[in-house]
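**Q**
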Amino acid sequence: MQIIWNSVRPNIAKGLLAGLALLFLATLVTPVAEAAGKLPRFASLRSDKVNLRAGPGVRYPISWIFVRKFLPVEILAEFELWRKIRSQDGTEGWVHKSLLSGKRSAVVIRKVRMLYRNAGGDVPVLRAEPGVQAGLLKCKENWCKLRVGGTDGWLKRNQIWGVYKGEDFD
């Protein structure tokens with residue numbers, strides 16, 4: 012019996028050490044990932060049906076249901092796994108972080124807009140009405156590159172909702 016115990020004990024010790032190492036690494040990685048998300052910031056809805064709650068948890072009532080996948084939202088606050096968001100129309104509430112995506116999107120605002128082949132407004136490629144949702148590809152200076160239904164075009168930053176003034180990214 013002693014022979015069996017001696018062969019099992021090293022395997023148990025290795026398993027325990029591996030488990031402790033993973034736990035230690037998880038504590039190092041998780042805070043860094045969470046700290047990377049500054050507030051406020053924009054994100055988009057991951058699903059075509061997202062329940063907006065009155066507070067951060069399933070015990071809070073549903074106050075609104077979003078039904079547009081990749082709709083841009085602004086993250087205002089974080090509490091554990093929950094994010095307080097605001098939509099373009101000012102609706103605020105809490106959603107689970109798994110229902111949000113880092114994929115950026117935008118909504119055309121106020122009036123019909125022309126998207127152009129290049130930043131600067133040279134050749135029009137698409138006409139977009141208010142409320143049109145687009146993938147947000149990049150922003151530089153006063154222009155943002157959008158994708159609407161497979162067509163890429165540039166639009167002035169102040170003609171969309173989903174990006175901050177002065178926020179440039181590629």
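Residue numbers for the sequence shown follow the numbering used here, so the first one is 12 and each next one is one higher.
No residue lacks a Cβ here, since even glycine has one placed at the ideal position from N, Cα and C.
Does the distance from the CB of L56 to the CB of L126 come in under 9 Å?
**A** No.
**Q** Does DSSP put S58 in a helix, a strand or coil?
**A** Here S58 sits in coil by DSSP.
**Q** Let me check understanding here. Comparing Cα to Cα, which of L87, D163 and G101 lies closest to C150?
**A** Checking every option, the nearest Cα to that of C150 belongs to D163.
**Q** As a quick exercise: from Q170, L92 and W75, pick the residue whose alpha carbon is nearest that of R124.
**A** Selected option, being the one with the closest Cα: Q170.
**Q** If the criterion is Cβ atoms closer than 9 Å, does the pair W105 and W93 meet it?
**A** Cβ atoms of W105 and W93: closer than 9 Å.
**Q** Between S109 and Q99, what straight-line distance do the alpha-carbon atoms span, to the nearest angstrom?
**A** Cα to Cα, S109 sits roughly 20 Å from Q99.
**Q** Out of H107, E89, R79 and E152, state which residue places its alpha-carbon closest to the alpha-carbon of G131.
**A** The shortest C-alpha separation from G131 is found at E152.
**Q** Could you say which of L166, G48, P51 and D179 lies nearest to I120 if we only look at CA atoms?
**A** For I120, the nearest C-alpha among the options comes from L166.
**Q** For G66, tell me which candidate among E103, D181 and Q144 has the shortest Cα-Cα distance.
**A** Among E103, D181 and Q144, the Cα nearest to that of G66 is on E103.
**Q** Are the CB atoms of P51 and L82 nearer to each other than 9 Å?
**A** Not a contact, by the Cβ cut-off of 9 Å.
**Q** Please name the residue or residues paired with L166 in a DSSP beta bridge.
**A** Answer is C155.
**Q** Among the residues of its own chain, which have a CB less than 7 Å from the CB of K60, if the five just before and after it don't count?
**A** Correct list, in chain order: I76 and V78.
**Q** Quick check on D179 - is its C-beta less than 9 Å from some C-beta in chain D?
**A** The chain labelled as chain D is not found in the depicted structure, where only one protein chain is given.
**Q** Taking the DSSP output, what are the residues bridged to A139?
**A** A139 pairs with R124.
**Q** When DSSP labels each residue in this structure, what does K114 get in the three-state scheme?
**A** Residue state, collapsed to three classes: coil.
**Q** Compute the distance between the beta-carbons of K176 and G146, then report whether it is under 9 Å.
**A** No, the Cβ-Cβ distance between K176 and G146 is not below 9 Å.
**Q** Quick check: the Cα distance between C155 and I73, rounded to an integer number of angstroms?
**A** Taking the straight line from one Cα to the other gives about 34 Å.
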